[in-house]
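Peer 1: I'd like to ask some things about the structure below.
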Amino acid sequence: MKYSKISTINNVSTYFLKDNFLFFDSGKQLQEHILFMNNELIGLKGLSDYFFMKDTILFNKWGEKGSFSYNINTREVTQIEENQQITALKDNILIYDDENDIYYYKDLSFKNLFSSSYFFNIIAEDCGFAYDTNKVLKLNFQDKILWQFTIASLGGSPYPDEEDRIGEFLGITNNYLWIVTNLGRLIALDIQTGEVQKVASPHTTDEKYNYHLNKAFGYIYIKQEDGNLYCMSYNMVTIIDTQIFAIKEEYNFREEDPEGMVQYESVYTPLLQGDYFTFLGSKHKEYGGIGWIGIFDYKARKLVWEYELLPFEERKATRNRLVAPQPLYMSGNKLYIKDIKDNLYIFEREE
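Numbering-wise (the working numbering), the sequence shown opens with residue 124 and increments by one.
In structure tokens, the structure reads:
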């Protein structure tokens with residue numbers, strides 16, 4: 124596996140990838156940012172949020188209460204809503220909200236399906252799942268609560284001066300909703316009953332609560348192909364069987380790859396993409412921030428590609444570096460990575 128850097132785009136504020144399209148906005152002042160598609164200026168300015176759907180960009184504008192659409196083929200701008208703004212696109216459902224914090228759920232033709240006072244992070248056929256910092260709710264589309272889970276039901280916080288909170292929805296697999304808390308607990312909620320499975324906790328004080336596993340797993344992802352959890356931490360790769368809440372496979376990637384991964388003192392923001400984890404890294408006896416990017420094949424258990432994007436001398440001279448909140452994305456035959464100075468680097472696979 125080999126990639127070559129094919130371009131660098133400067134002054135990229137935010138970007139996202141969709142259906143082999145690259146969208147990014149750029150500009151000195153936030154409210155004056157202009158939008159590009161595949162490095163081509165498309166004539167939209169002052170966007171606060173934007174989403175891509177088929178051949179249409181849905182967007183809000185700073186200082187406007189309404190929401191708009193832009194047809195990529197005709198370049199026509201149309202106002203979709205006067206007093207609602209688009210806030211998300213989930214599973215072919217558009218979510219708009221208004222000034223009263225009411226959410227409007229629409230199909231792709233903008234037909235209203237239902238409205239709710241809740242933002243559904245996951246939308247199923249006849250219900251939705253929502254959460255805030257201390258509870259998870261399953262509701263029908265008339266806002267009736269079907270079950271409720273509270274973070275307090277996990278027991279006391281591992282730290283006396285810090286409360287645990289709902290951190291992230293990983294998704295649904297094998298009829299369980301998988302959640303990670305801010306303090307690293309991994310739990311599964313039966314989507315029918317709300318019954319809790321305490322799967323894992325890295326805290327020894329939690330051993331009395333009968334977790335299936337007493338350890339941490341780092342970054343955790345659901346792989347849709349088999350429904351299992353794939354995890355990568357500072358030195359371990361773990362695969363968790365989500366049907367029996369047990370470790371299916373686990374190994375120390377530095378020990379398994381003594382010529383590749385062993386070089387890295389730290390890996391940052393590993394991101395599951397197909398059969399690989401992409402990551403940012405710093406090697407032993409290197410200073411001045413993160414400069415390396417790489418791809419780890421978790422099946423072959425070895426590093427299959429690495430690249431020093433920002434060498435130490437450059438990082439030292441420019442104070443530029445890579446940062447954990449900007450991971451290495453893989454899309455088709457290309458890789459995308461942004462540095463702290465808003466330069467977006469694009470790599471293409473050689474084959």
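Ideal Cβ placement from N, Cα and C applies to all residues, glycine included.
1. How long is the line joining the alpha carbons of F182 and N297, rounded to whole angstroms?
2. Between T131 and the rest of its own chain, which residues show a CB-CB distance below 8 Å, the 5 nearest in sequence each way excluded?
3. Per the contact definition of three or more C-beta pairs closer than 8 Å, is the region 288-306 in contact with the region 331-339?
4. Mapping DSSP to helix, strand and coil, what is F237?
5. Whose C-beta lies closer than 8 Å to the C-beta of E431 among residues of the same chain, with five residues either side of it excluded?
6. For a quick check, are the C-beta atoms of G317 and K261 less than 8 Å apart?
7. Once DSSP output is grouped into helix, strand and coil, what is the label at Q154?
8. With three or more beta-carbon pairs closer than 8 Å as the criterion, would you say the region 243-256 touches the region 277-284?
9. Express the C-alpha separation of A311 and F368 in angstroms, rounding to a whole number.
10. Within 10 angstroms of its Cβ, does Y410 collect 16 or more other Cβ (buried), or is it exposed?
11. If you scan the region 432-459 from start to end, which runs of the beta strand (DSSP E) of 3 or more residues do you find wholly inside it?
12. Under 8 Å by Cβ, that's how I've got N161 and L145 pegged, so tell me the actual separation to the nearest angstrom.
13. With the cut-off set at 8 Å, would you say L433 and L445 are in Cβ contact?
14. Who does Q320 pair with in a DSSP beta bridge?
15. In terms of residues, what are the limits of the beta strand (DSSP E) holding R472?
16. Beta strand (DSSP E) containing F175: first to last residue?
17. Flag this pair as yes or no: are the beta carbons of K188 and N206 separated by less than 8 Å?
18. Just list the residues that DSSP pairs C250 with in beta bridges.
19. What are the start and end residues of the alpha helix (DSSP H) that includes E379?
Peer 2: Let me lay it out:
1. 35 Å
2. N466, L467, Y468 and I469
3. no
4. strand
5. G414 and W415
6. yes
7. helix
8. no
9. 9 Å
10. exposed
11. 452-454
12. 5 Å
13. yes
14. A311
15. L467 to R472
16. L170 to M176
17. yes
18. In the DSSP output, where bridge partners are listed per residue, C250 has none listed.
19. F376 to E379
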